[in-house]
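Engineer: Just dropping this structure here.
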Ligand SMILES: Nc1ncnc2c1ncn2[C@@H]1O[C@H](COP(=O)(O)OP(=O)(O)O)[C@@H](O)[C@H]1O
Ligand SMILES: [Mg+2]
């Protein structure tokens, strides 16, 4: 029996007159990696923003671990156990790497737990440990992405939402990021992964949804989607 | 490379520095003439104003133009508490003072704390609506609120004595009160900035959305900062009133002009830097006093120039613009004058020289 971490029901979001999400529904079971793939402008970021409380939901529901969290303010969503690695990383450039990490743990009081998690993060990303005293803004793109992921992990979330973590990274780093995502998941964190890199995402995910202009057009186990003709043609570039 | 002084040494140096400054102030108090001493005290009062506004504008990133409103609340509250019942009875000639204010009379410390507290309460009430606005709207709303407070002071004659203002306020703001409060303000604001709370303020300033997503309640953090800043603005108002000895609700005394002056101090010193604010306050006080002659008739290249009112403000503004052109982030930028920074700077000079 698999429990449900996150459930989105018939979600509608508008930006002024633009109908960005036209009633999407999806389920993220506990312990899994679920991916939402789609082209630029499909509404992927809007979906995560709606869960995180950053944009207003006009219709529909967001349910986390059985609790209705629709339109809760972002800081409360975070305190319930949901962390976001935002699009474009958005680390704090004038805070040191260490301070960035502490910001992720802002609402935690368990000093020992924070220390433990720091050690875990240094295992995942040894490079961050060498750069603790450096300002966030001076890191390379790949290092900034690692910092953004680590910062989100520092809140010890039960659901980690990632918005295109592979975007703009060199190919070697892309596979490194996907490996880390799998590792984080194996150690018990549920993940909702958003990607334009459909191949990479479907390879690590358990289940996938395909989003096109605000509507989910296809869903299925990731393995099946990898072999689906439409996905192959439109997203994997295989004729 | 890490260059840091041991914590103990840092502490000892700071202690020695404070004792040294205290000694200098003692000497100044004994030896300097009354006029110069007034400027020395004004530097500390401006310092409290600047550091408190810097907490709100520079460190928290709330672009508030309402500082004079908080200063005014502190000034009037404290003055009404230190003036004796007889003085109040005599000076309220348009309308008699309301009975509940007529007979209260407290010592200076209580009056100062009351000024700060009432100012903080105002900030709390004003903060609820205006902190929901952003950028320019917030600036305009805060300016508006400060004007409402000033116009209240102009019209609530039975409380404030209206346009006549309050006169004969005892000159309690001696060197020890002024620098004592400056010390408290700096220690308090610096500890706040260096706590995890201060780090959150910095994060909010850098990326508000990312900070929210990290679980930081942006509104609450900004409100606390706004209220603390207003408290010390109120304190500075109390010191100012007992330095001026006469206060009134004119634009130039406790109105938008004063906000503008304090803004110049913190921008000059470097937005976000506490030591910068102190430098800015000192420069402003000295320069403004020194330029006083410009408003008197003077002789330039053999020609008699009549005194022009407002001339020093003009000259200060020009100097300010020049500094902003050549020194965009102010004198200190966002750096602080700490022993560690001085040590690093000396070491770098030693290595290159
Ligand atoms: N802040 C905004 N204001 C107006 N329209 C927006 C805004 N953000 C996104 N959109 C529009 O909403 C749609 C979905 O955008 P987004 O969720 O960012 O897509 P994706 O992340 O899949 O690239 C796009 O048509 C985009 O132009
Ligand atoms: Mg996007």
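Protein chains in written order, with my numbering: chain A, 1 to 239; chain B, 240 to 592.
C-beta: ideal position from N, C-alpha, C; glycine also.
For clarity, every value in this text was computed on a predicted model and none was experimentally measured.
What three-state label does DSSP hand residue 328 of chain B in the structure shown?
Structural biologist: helix
Engineer: Which partner residues does residue 351 of chain B have in the DSSP bridge list?
Structural biologist: BP columns for residue 351 of chain B are empty, so no partner.
Engineer: Could you tell me if the beta carbon of residue 40 of chain A falls within a distance shorter than 7 Å of some heavy atom in ligand 1?
Structural biologist: yes
Engineer: Under the three-state reduction of DSSP, which class applies to residue 35 of chain A: helix, strand or coil?
Structural biologist: strand
Engineer: I need the straight-line Cα distance from residue 383 of chain B to residue 123 of chain A, nearest angstrom please.
Structural biologist: 54 Å
Engineer: Could you tell me which whole alpha helix (DSSP H) segments of length 4 or greater appear in the region 124-207 of chain A?
Structural biologist: Secondary structure within the region 124-207 of chain A: the alpha helix (DSSP H) runs of 4 or more consecutive residues, fully enclosed, are 126-130, 141-153, 171-186, 198-204 (chain order).
Engineer: List, in chain order, every chain A residue whose beta-carbon is nearer than 8 Å to that of residue 432 of chain B.
Structural biologist: For residue 432 of chain B, no chain A residue has a C-beta closer than 8 Å to its own C-beta; the minimum C-beta separation is roughly 13 Å.
Engineer: Contact criterion: CB-CB distance below 8 Å. Does residue 64 of chain A meet it with respect to chain B?
Structural biologist: no
Engineer: Residue 57 of chain A and residue 71 of chain A - do their beta-carbons sit closer together than 8 Å?
Structural biologist: yes
Engineer: Is residue 47 of chain A near ligand 2, in the sense that its beta carbon is under 7 Å from a heavy atom of that ligand?
Structural biologist: no
Engineer: Between residue 81 of chain A and chain B, is there a C-beta pair that is closer than 8 Å?
Structural biologist: no
Engineer: Please list, in chain order, all residues of the same chain as residue 240 of chain B whose beta carbon is under 6 Å from its beta carbon, the five residues on each side excluded.
Structural biologist: Here residue 240 of chain B scores only 46 on pLDDT, less than 50, and its place in the model should not be relied on; the value that follows carries that caveat. Hits under 6 Å: none found.
Engineer: How many angstroms separate the CA atom of residue 181 of chain A from the CA atom of residue 159 of chain A?
Structural biologist: 12 Å
Engineer: May I ask you to check if the CB of residue 87 of chain A is nearer than 7 Å to at least one heavy atom of ligand 2?
Structural biologist: yes
Engineer: Roughly how many angstroms lie between the CA atoms of residue 1 of chain A and residue 371 of chain B, to the nearest whole one?
Structural biologist: Residue confidence for residue 1 of chain A is low, a pLDDT of 44 falling below 50, so the modelled location carries little weight and cannot support an answer.
Engineer: To which residues does DSSP link residue 216 of chain A through a beta bridge?
Structural biologist: A/211
Engineer: Ligand 2 and residue 164 of chain A: does the residue's C-beta get closer than 7 Å to at least one heavy atom of that ligand?
Structural biologist: yes
Engineer: Which two residues bound the contiguous beta strand (DSSP E) that contains residue 25 of chain A?
Structural biologist: 18-29
Engineer: Determine the extent of the alpha helix (DSSP H) in which residue 44 of chain A is found, giving its start and end residues.
Structural biologist: 44-52
Engineer: Whose C-beta lies closer than 6 Å to the C-beta of residue 442 of chain B among residues of the same chain, with five residues either side of it excluded?
Structural biologist: Correct list, in chain order: 450.
Engineer: Give me the subset of the region 325-353 of chain B whose CB atoms are less than 9 Å from a CB atom of chain A, sorted by chain position.
Structural biologist: none
Engineer: If we define contact as Cβ-Cβ less than 8 Å, is residue 442 of chain B a contact residue for chain A?
Structural biologist: Contacts with chain A at 8 Å (Cβ-Cβ) include residue 442 of chain B.
Engineer: Closer than 7 Å: is that where the CB of residue 20 of chain A sits relative to any heavy atom of ligand 1?
Structural biologist: yes
Engineer: Under the DSSP definition of a beta bridge, which residues are partnered with residue 96 of chain A?
Structural biologist: According to DSSP, which records beta bridges pairwise, residue 96 of chain A is partnered with A/135.
Engineer: Could you check the C-alpha separation between residue 30 of chain A and residue 162 of chain A for me, to the nearest Å?
Structural biologist: 16 Å
Engineer: Is it right to say residue 144 of chain A is buried, meaning 16 or more other beta carbons lie within 10 angstroms of its own, or is it exposed?
Structural biologist: buried
Engineer: Compare the C-beta of residue 139 of chain A with all C-beta atoms of chain B and state if any pair is closer than 8 Å.
Structural biologist: no
Engineer: Tell me, please, which residues DSSP counts as bridged to residue 83 of chain A.
Structural biologist: A/160
Engineer: Quick check: what's the CA-CA separation for residue 559 of chain B versus residue 506 of chain B?
Structural biologist: The straight-line gap from Cα to Cα measures roughly 9 Å.
Engineer: Consider the Cβ of residue 104 of chain A: report whether some Cβ of chain B lies at a distance smaller than 8 Å.
Structural biologist: The beta carbon of residue 104 of chain A sits closer than 8 Å to some beta carbon of chain B.
Engineer: Does any C-beta atom of chain A lie closer than 8 Å to the C-beta of residue 574 of chain B?
Structural biologist: no
Engineer: Which stretch, first to last residue, makes up the beta strand (DSSP E) that contains residue 405 of chain B?
Structural biologist: From DSSP, residue 405 of chain B is part of no beta strand (DSSP E); its letter is neither H nor E.
Engineer: Using CA coordinates, which residue listed in B/477, B/414, B/395, B/575 is at the minimum distance from residue 334 of chain B?
Structural biologist: B/395
Engineer: As a quick exercise: from A/138, A/170, A/178, pick the residue whose alpha carbon is nearest that of residue 149 of chain A.
Structural biologist: A/178
Engineer: For a test of the three-state rule: what should DSSP assign to residue 67 of chain A, helix, strand or coil?
Structural biologist: strand
Engineer: On the DSSP bridge list, what partners appear for residue 108 of chain A?
Structural biologist: None, per the DSSP bridge assignment.
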